[in-house]
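Chemist: Before I ask anything, here is the structure I am working with.
There are 2 protein chains.
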Amino acid sequence: MWTTQAFDVPGAHQGFREPSSSRAYHLPAIPFFLFHCSLLHNTKYNSLCYTEISFLGLPSYPKSLCHPPGRHSFCPFRAPAFALGNMNSFHQWELLLHLLLLCDIIPGFIWGFLMFAGFEGHFPCSTQTLTTQQPMLSWRRMRKMDSRAMESPSLWEEALKLIGAEKGVVHLAAAAVLSAAWAPWAKQEGKPLWKLLVDMDPQTLVSCIDFRYITDVLTEEEACEILRQSQVGKKERVEEQMLAHGYPAYTMSCAWLGHPDATLKQLCSEALKDSWTRFKVKVGANLQDDIRRCQLIKNMIGPEKTLMMDANQRWDVPEAVEWVTKLAEFKPLWTEEPTSPDDILGHAAVSKALAPLGIGVAIGEQCHNRVIFKQLLEAKALKFLQIDSCRLGSVNENLSVLLMAKKFEIRVPWGFPVCPHLGGVGLCELVQHLIMFDFISVSASQDRMCEYVDHLHEHFKHPVLIREASYMPPKDAGYSTEMKEDSVKRHRYPDGEVWKKLLTAQGN
Amino acid sequence: MWTTQAFDVPGAHQGFREPSSSRAYHLPAIPFFLFHCSLLHNTKYNSLCYTEISFLGLPSYPKSLCHPPGRHSFCPFRAPAFALGNMNSFHQWELLLHLLLLCDIIPGFIWGFLMFAGFEGHFPCSTQTLTTQQPMLSWRRMRKMDSRAMESPSLWEEALKLIGAEKGVVHLAAAAVLSAAWAPWAKQEGKPLWKLLVDMDPQTLVSCIDFRYITDVLTEEEACEILRQSQVGKKERVEEQMLAHGYPAYTMSCAWLGHPDATLKQLCSEALKDSWTRFKVKVGANLQDDIRRCQLIKNMIGPEKTLMMDANQRWDVPEAVEWVTKLAEFKPLWTEEPTSPDDILGHAAVSKALAPLGIGVAIGEQCHNRVIFKQLLEAKALKFLQIDSCRLGSVNENLSVLLMAKKFEIRVPWGFPVCPHLGGVGLCELVQHLIMFDFISVSASQDRMCEYVDHLHEHFKHPVLIREASYMPPKDAGYSTEMKEDSVKRHRYPDGEVWKKLLTAQGN
Numbered sequence: 001m002w003t004t005q006a007f008d009v010p011g012a013h014q015g016f017r018e019p020s021s022s023r024a025y026h027l028p029a030i031p032f033f034l035f036h037c038s039l040l041h042n043t044k045y046n047s048l049c050y051t052e053i054s055f056l057g058l059p060s061y062p063k064s065l066c067h068p069p070g071r072h073s074f075c076p077f078r079a080p081a082f083a084l085g086n087m088n089s090f091h092q093w094e095l096l097l098h099l100l101l102l103c104d105i106i107p108g109f110i111w112g113f114l115m116f117a118g119f120e121g122h123f124p125c126s127t128q129t130l131t132t133q134q135p136m137l138s139w140r141r142m143r144k145m146d147s148r149a150m151e152s153p154s155l156w157e158e159a160l161k162l163i164g165a166e167k168g169v170v171h172l173a174a175a176a177v178l179s180a181a182w183a184p185w186a187k188q189e190g191k192p193l194w195k196l197l198v199d200m201d202p203q204t205l206v207s208c209i210d211f212r213y214i215t216d217v218l219t220e221e222e223a224c225e226i227l228r229q230s231q232v233g234k235k236e237r238v239e240e241q242m243l244a245h246g247y248p249a250y251t252m253s254c255a256w257l258g259h260p261d262a263t264l265k266q267l268c269s270e271a272l273k274d275s276w277t278r279f280k281v282k283v284g285a286n287l288q289d290d291i292r293r294c295q296l297i298k299n300m301i302g303p304e305k306t307l308m309m310d311a312n313q314r315w316d317v318p319e320a321v322e323w324v325t326k327l328a329e330f331k332p333l334w335t336e337e338p339t340s341p342d343d344i345l346g347h348a349a350v351s352k353a354l355a356p357l358g359i360g361v362a363i364g365e366q367c368h369n370r371v372i373f374k375q376l377l378e379a380k381a382l383k384f385l386q387i388d389s390c391r392l393g394s395v396n397e398n399l400s401v402l403l404m405a406k407k408f409e410i411r412v413p414w415g416f417p418v419c420p421h422l423g424g425v426g427l428c429e430l431v432q433h434l435i436m437f438d439f440i441s442v443s444a445s446q447d448r449m450c451e452y453v454d455h456l457h458e459h460f461k462h463p464v465l466i467r468e469a470s471y472m473p474p475k476d477a478g479y480s481t482e483m484k485e486d487s488v489k490r491h492r493y494p495d496g497e498v499w500k501k502l503l504t505a506q507g508n
Numbered sequence: 001m002w003t004t005q006a007f008d009v010p011g012a013h014q015g016f017r018e019p020s021s022s023r024a025y026h027l028p029a030i031p032f033f034l035f036h037c038s039l040l041h042n043t044k045y046n047s048l049c050y051t052e053i054s055f056l057g058l059p060s061y062p063k064s065l066c067h068p069p070g071r072h073s074f075c076p077f078r079a080p081a082f083a084l085g086n087m088n089s090f091h092q093w094e095l096l097l098h099l100l101l102l103c104d105i106i107p108g109f110i111w112g113f114l115m116f117a118g119f120e121g122h123f124p125c126s127t128q129t130l131t132t133q134q135p136m137l138s139w140r141r142m143r144k145m146d147s148r149a150m151e152s153p154s155l156w157e158e159a160l161k162l163i164g165a166e167k168g169v170v171h172l173a174a175a176a177v178l179s180a181a182w183a184p185w186a187k188q189e190g191k192p193l194w195k196l197l198v199d200m201d202p203q204t205l206v207s208c209i210d211f212r213y214i215t216d217v218l219t220e221e222e223a224c225e226i227l228r229q230s231q232v233g234k235k236e237r238v239e240e241q242m243l244a245h246g247y248p249a250y251t252m253s254c255a256w257l258g259h260p261d262a263t264l265k266q267l268c269s270e271a272l273k274d275s276w277t278r279f280k281v282k283v284g285a286n287l288q289d290d291i292r293r294c295q296l297i298k299n300m301i302g303p304e305k306t307l308m309m310d311a312n313q314r315w316d317v318p319e320a321v322e323w324v325t326k327l328a329e330f331k332p333l334w335t336e337e338p339t340s341p342d343d344i345l346g347h348a349a350v351s352k353a354l355a356p357l358g359i360g361v362a363i364g365e366q367c368h369n370r371v372i373f374k375q376l377l378e379a380k381a382l383k384f385l386q387i388d389s390c391r392l393g394s395v396n397e398n399l400s401v402l403l404m405a406k407k408f409e410i411r412v413p414w415g416f417p418v419c420p421h422l423g424g425v426g427l428c429e430l431v432q433h434l435i436m437f438d439f440i441s442v443s444a445s446q447d448r449m450c451e452y453v454d455h456l457h458e459h460f461k462h463p464v465l466i467r468e469a470s471y472m473p474p475k476d477a478g479y480s481t482e483m484k485e486d487s488v489k490r491h492r493y494p495d496g497e498v499w500k501k502l503l504t505a506q507g508n
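Residue numbers (the UniProt record's numbering), protein chains in the order written: chain A, 1 to 508; chain B, 1 to 508.
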């Protein structure tokens with residue numbers, strides 16, 4: 001059993017720091033940062049550094065990346081809501097928070113799916129709780145007690161489970177930590193992450209997966225076998241497909257709920273010029289509005305191009321069926337998140353009701369762990385499976401879901417294509433690696449597509465490259481998570497240039 | 001749409017305060033406290049105070065309890081793990097944290113299911129982030145913008161949903177806030193909460209329930225009808241059953257995993273002397289140990305008394321079936337939490353496999369919201385439904401689950417008896433109100449029982465009263481949540497007397 005002991009690290013708070021008069025505090029960042037620090041910092045047992053990384057669920061992690069801890073620093077980055085454009089009122093409150101952790105133990109950027117309330121009513125945040133004159137951080141030192149230490153090689157301490165195992169903000173934090181561990185691994189190999197995964201032997205890949213609670217549908221041996229079988233044709237899929245043509249995408253940039261019709265037309269027109277052929281529309285606020293907007297889009301894109309709909313959990317089950325039936329004339333390929341992301345049987349009921357209309361159900365962006373996906377597949381509750389690079393436990397848990405989807409594919413005619421979610425805000429940069437790996441090493445099937453939102457890419461050192469409505473494989477080594485220093489500096493909260501202006505304007 | 005605006009409240013941090021040299025910070029307390037403050041504080045729109053309480057999901061809340069905000073203070077209480085006795089190694093890391101919020105808006109105690117790592121590896125916590133020289137809290141002011149403001153009368157802001165709707169630490173925090181609102185309401189009426197609920201007319205009770213995502217199985221009208229029908233025989237159930245005999249309970253105090261056999265025998269012997277007839281045993285660490293311990297207990301309690309087993313999510317589905325089958329000779333009434341609390345279909349599979357052995361499945365303590373319970377009932381994934389007063393969204397969400405259980409009861413021979421979970425630590429004090437309400441006003445059925453753990457009751461002003469292995473109905477007005485001031489003072493972290501000694505010993 002791992003034991004933990006709290007201790008202070010003087011000077012742990014060096015680095016980028018909020019002024020001490022900062023007025024707010026972090027919500028998700030705290031468990032995230034604590035988790036990160038608790039897992040990685042080790043002042044006494046240098047030799048255990050590698051064991052700690054094993055504890056992260058990466059037993060094959062390169063030892064050369066583990067070395068004595070040093071300075072940690074971090075800085076919050078926020079893009080105010082207005083910069084996101086006039087989007088869906090549901091998303092009106094989104095501010096993006098990136099935590100950049102520059103860390104000598106694992107150099108890299110921690111990138112998490114951390115959302116906050118919007119600009120006008122911004123969710124109070126700062127890093128003051130994380131960096132103060134007196135060290136406020138308590139570091140958790142992991143000590144191996146006995147041979148059972150590796151019994152549950154997981155990020156989850158028993159106590160944290162009681163808050164709600166593998167869900168909520170702590171799971172998001174764990175995902176961020178794991179993603180930060182993958183990035184430098186890929187960098188050290190001189191490969192983009194998708195290539196690191198593609199080149200990895202099945203045994204090593206499978207060693208990164210937590211199979212707890214899914215062995216009734218997928219065992220380690222079966223996972224290995226899937227990966228071994230997919231070696232056939234791999235080279236061709238890399239070179240003739242991915243490198244040559246990229247991975248198909250669809251756009252979510254045109255039809256947010258908040259867009260007036262004129263904007264919708266303009267954006268749709270631009271997207272058509274940019275060769276987009278698949279368009280997703282937000283629905284669910286008002287049926288008449290939905291009918292009008294879908295008609296508008298359909299008129300512009302024509303019958304050959306694809307339309308999908310996204311309700312972002314608006315409805316109960318009966319309402320979902322009724323509402324989508326009234327939109328069936330627009331022949332959407334799928335309706336996304338019709339109801340609660342926790343409602344597996346509800347989505348199964350919606351799927352069954354809409355199947356005669358030729359409309360599938362897509363879901364996954366808020367499905368919090370592999371156990372939910374397991375059941376969605378078992379219950380045939382979805383037609384299109386939407387992973388998320390940061391909602392699930394990073395690459396590790398996404399691997400398990402991709403493999404379960406492959407395992408289940410033969411049970412249904414449609415094969416459960418994986419069509420990842422991403423709402424922009426850098427999720428594109430991450431998930432592109434996963435989908436390319438999925439095509440090359442797991443599914444070998446391109447009857448699928450990945451979401452694309454034209455959102456905040458300019459803040460990334462290695463933004464996605466879209467060509468002919470397809471994701472082109474990243475070439476730079478790493479996980480594409482690095483942000484531009486100037487962007488971070490300008491958007492630092494609350495004293496970065498961008499926020500100073502906003503907060504001054506708000507005060508007036 | 002509600003809008004929010006952040007602003008500071010000078011002096012918001014008055015009251016009990018941790019020394020500024022405190023070294024750690026709160027994890028669950030932060031979203032909890034923020035939530036509470038954000039919902040209740042209103043410096044400008046006094047007339048909206050009542051609306052804010054409506055937003056809490058309590059539209060009938062007495063206006064007299066809403067008045068201008070004043071001083072807020074709070075203090076963490078912790079019981080170190082060693083005080084919990086030699087319990088289950090799974091629970092070894094439990095520290096109980098109570099946040100007492102003495103608040104002029106809603107006088108009362110906020111009590112939340114907040115668990116932390118155990119003493120030796122205690123999860124770093126303090127309230128420094130909540131109370132500092134410079135106000136760190138940002139308060140969120142709710143302003144009603146238009147007629148759609150009451151469209152989604154729920155605690156859930158859209159942005160918070162993105163962290164993971166109605167699950168994890170934020171849902172626990174919301175539950176704590178709601179529980180704190182119920183307590184003074186009962187007090188003002190001069191009634192214990194169970195009586196407040198029993199005396200409430202169906203319409204008012206139903207107005208406290210959030211029916212989102214469950215209308216496919218239970219509508220407001222159906223809920224009202226269930227409550228109306230249960231009026232028959234209510235008086236007799238109160239007087240002849242509850243007041244005279246109390247509510248049946250079972251004990252979890254004897255057989256934690258960490259107990260050596262001698263302790264197990266001693267505790268079991270004492271429990272038998274105290275007239276306990278139902279005993280639960282923790283299982284799942286080691287099969288041979290489980291066989292030995294179950295045999296030991298069974299020998300002592302005999303064939304007429306009831307044995308149950310609790311695995312605390314130890315197994316995958318196949319392992320659960322295999323393991324419990326090997327314990328079937330002890331004829332357990334149920335096996336509890338055999339697998340992941342997210343695995344509805346997994347529990348359905350276990351239920352089906354164990355049914356021929358006469359063993360039911362009990363689950364619920366970590367089922368995070370009503371949508372999960374809806375599916376557990378739909379899938380017949382459980383035989384015994386275990387609500388939790390603090391895991392679900394307080395009284396409000398528990399009401400919805402009790403009513404769904406009643407609605408589904410006719411679909412199965414066993415009727416889905418509600419047998420609440422509580423791990424001690426004050427949960428007994430709260431859930432007793434819910435089960436009495438359930439018996440009197442919903443189920444009218446006593447083929448059910450409530451967990452009891454002899455744990456930390458001495459810190460409560462109005463601890464549970466157990467007589468002949470039954471919960472006697474509380475008589476004091478309120479929700480039994482109040483803790484003794486001296487207990488709070490002594491266990492305040494880190495400068496209370498108890499913690500000072502522990503931390504000094506730890507340092508040596």
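Here a beta-carbon is modelled for each residue, glycine too, at the ideal position from N, C-alpha and C.
These numbers were taken from a predicted model, which means no experiment stands behind them.
Are the CB atoms of A/V418 and A/L402 within a distance shorter than 9 Å?
Modeler: Looking up residue 402 of chain A in the first sequence gives position 402. Looking up residue 418 of chain A in the first sequence gives position 418. Taking 9 Å as the Cβ cut-off, A/L402 and A/V418 qualify as a contacting pair.
Chemist: Any Cβ of chain B within less than 9 Å of the Cβ of A/S351?
Modeler: Taking the first residue of the first sequence as position 1, residue 351 of chain A is located at position 351. False, the Cβ-Cβ gap to chain B never drops below 9 Å.
Chemist: Rounded to a whole number of angstroms, what is the C-alpha to C-alpha distance between B/L422 and A/V217?
Modeler: Within the second sequence, residue 422 of chain B is the residue found at index 422, counting from 1. Within the first sequence, residue 217 of chain A is the residue found at index 217, counting from 1. Using only the alpha carbons, I get a separation of about 32 Å.
Chemist: Going by the CB atoms, is the gap between A/V317 and A/T335 shorter than 9 Å?
Modeler: On the first sequence, residue 335 of chain A is found 335 positions in, with the first residue counted as 1. On the first sequence, residue 317 of chain A is found 317 positions in, with the first residue counted as 1. Not closer than 9 Å, so no.
Chemist: List the residues of chain A whose Cβ lies closer than 9 Å to the Cβ of B/L430, in chain order.
Modeler: On the second sequence, residue 430 of chain B is found 430 positions in, with the first residue counted as 1. Ordered by position in chain A, no residue passes the 9 Å Cβ test against B/L430, which lies about 16 Å from the chain.
Chemist: Let's see if you can read the secondary structure: which residues bound the alpha helix (DSSP H) around B/V350?
Modeler: Counted from its first residue, the second sequence places residue 350 of chain B at position 350. Note, B/V350: alpha helix (DSSP H), I344 to L354.
Chemist: Quick test of the definition: if touching needs 3 or more C-beta pairs under 8 Å, does the region 304-313 of chain A touch the region 336-350 of chain A?
Modeler: yes
Chemist: Can you list, in chain order, the residues of its chain with a C-beta nearer than 7 Å to that of A/P463? Leave out the 5 residues immediately preceding and following it.
Modeler: Translated into the one-based positions of the first sequence, residue 463 of chain A becomes position 463. The residues are E429 and H457.
Chemist: Taking DSSP as the reference, what is the three-state secondary structure of A/R278?
Modeler: As a first step, residue 278 of chain A must be located in the first sequence, where it is residue number 278. Three-state result, A/R278: strand.
Chemist: Taking Cβ-Cβ distances shorter than 8 Å, what residues in chain D pair up with A/E378?
Modeler: Chain labels in this structure do not include chain D; the protein chains are A and B.
Chemist: With distances taken Cα to Cα, identify the nearest neighbour of B/K484 among B/A505, B/K461 and B/P473.
Modeler: In the second sequence, counting from the first residue as 1, residue 484 of chain B sits at position 484. Here the closest residue by C-alpha is B/K461.
Chemist: For my contact list, B/A249 and B/Y452 are in at a C-beta cut-off of 8 Å; report their separation, rounded to the angstrom.
Modeler: Within the second sequence, numbered from 1, the residue matching residue 249 of chain B stands at position 249. Within the second sequence, numbered from 1, the residue matching residue 452 of chain B stands at position 452. Contact flag correct, Cβ pair sits at about 4 Å.
Chemist: Whose C-beta lies closer than 6 Å to the C-beta of B/E189 among residues of the same chain, with five residues either side of it excluded?
Modeler: As a working mapping, residue 189 of chain B is identified with position 189 in the second sequence. So the list reads L196, once near-sequence residues are dropped.
Chemist: Any Cβ of chain B within less than 9 Å of the Cβ of residue 509 of chain A?
Modeler: Here chain A covers residues 1 to 508 and nothing more, so residue 509 of chain A does not appear.
Chemist: Buried or exposed: B/L392, going by 16 or more other Cβ atoms within 10 Å of its Cβ?
Modeler: The residue you call residue 392 of chain B lines up with position 392 of the second sequence. Only buried fits B/L392, as 16 or more other CB atoms lie within 10 angstroms of its CB.
Chemist: Thinking just about the alpha-carbon of each residue, which of B/L227, B/G364 and B/H259 is nearest to the one in B/K407?
Modeler: Residue mapping note: residue 407 of chain B aligns to position 407 of the second sequence, counting from 1. Taking only the C-alpha atoms, the option nearest B/K407 is B/L227.
Chemist: Give the DSSP-derived three-state secondary structure of B/F408 in the structure shown.
Modeler: For the purposes of this step, residue 408 of chain B is taken as the residue at position 408 of the second sequence. Three-state DSSP puts B/F408 in a helix.
Chemist: If the cut is a Cβ gap below 9 Å, which residues of chain A does B/V418 touch?
Modeler: What you label residue 418 of chain B is simply residue 418 of the second sequence in a count that begins at 1. Under the 9 Å cutoff, chain A gives no residues; its nearest Cβ is about 20 Å from B/V418.
Chemist: Is the region 464-483 of chain A touching the region 493-508 of chain A in the sense that three or more CB pairs, one from each, lie closer than 8 Å?
Modeler: no
Chemist: What does DSSP give as the partner residues of B/A262 in its beta bridges?
Modeler: On the second sequence, residue 262 of chain B is found 262 positions in, with the first residue counted as 1. Bridge partners of B/A262: none, in fact.
Chemist: Short check: CB of B/G168 to CB of A/G168, under 9 Å?
Modeler: In the second sequence, counting from the first residue as 1, residue 168 of chain B sits at position 168. In the first sequence, counting from the first residue as 1, residue 168 of chain A sits at position 168. In this structure, A/G168 lies closer than 9 Å to B/G168 by Cβ.
Chemist: Taking the CB atoms as reference points, tell me whether A/M436 and A/M242 lie closer together than 9 Å.
Modeler: Counting from 1 along the first sequence, the entry for residue 436 of chain A is found at position 436. Counting from 1 along the first sequence, the entry for residue 242 of chain A is found at position 242. Yes.
Chemist: Could you give the first and the last residue of the continuous beta strand (DSSP E) run that contains B/V361?
Modeler: Counting from one through the second sequence, the residue named residue 361 of chain B turns up at place 361. It spans G360 to I363 - the beta strand (DSSP E) in which B/V361 sits, taken as one unbroken run.
Chemist: Is there a Cβ of chain B sitting closer than 9 Å to that of residue 535 of chain A, yes or no?
Modeler: With chain A covering only 1 through 508, there is no way to say anything about residue 535 of chain A.
Chemist: Would the beta-carbon of B/L376 fall within 9 Å of that of B/H347?
Modeler: What you label residue 376 of chain B is simply residue 376 of the second sequence in a count that begins at 1. What you label residue 347 of chain B is simply residue 347 of the second sequence in a count that begins at 1. Their beta carbons are under 9 Å apart, which means B/L376 touches B/H347 by this criterion.
Chemist: With a threshold of 9 Å between beta carbons, is A/G168 in contact with chain B?
Modeler: Position 168 of the first sequence, counting from 1, holds the residue named residue 168 of chain A. For A/G168, the answer is yes, since a Cβ of chain B falls inside 9 Å of its Cβ.
Chemist: DSSP three-state label for B/E189, please.
Modeler: The residue labelled residue 189 of chain B in the question sits at position 189 within the second sequence. B/E189 falls in the coil class under three-state DSSP.
Chemist: Determine, using beta carbons only, whether A/E319 comes closer than 9 Å to chain B.
Modeler: Here residue 319 of chain A is taken as the residue at index 319 of the first sequence, counted from 1. Output row for A/E319: interface = yes.
Chemist: Spell out whether any CB of chain A is found under 9 Å from the CB atom of B/I372.
Modeler: Stepping through the second sequence from its first residue, residue 372 of chain B is reached at position 372. By this cut-off, B/I372 is an interface position.
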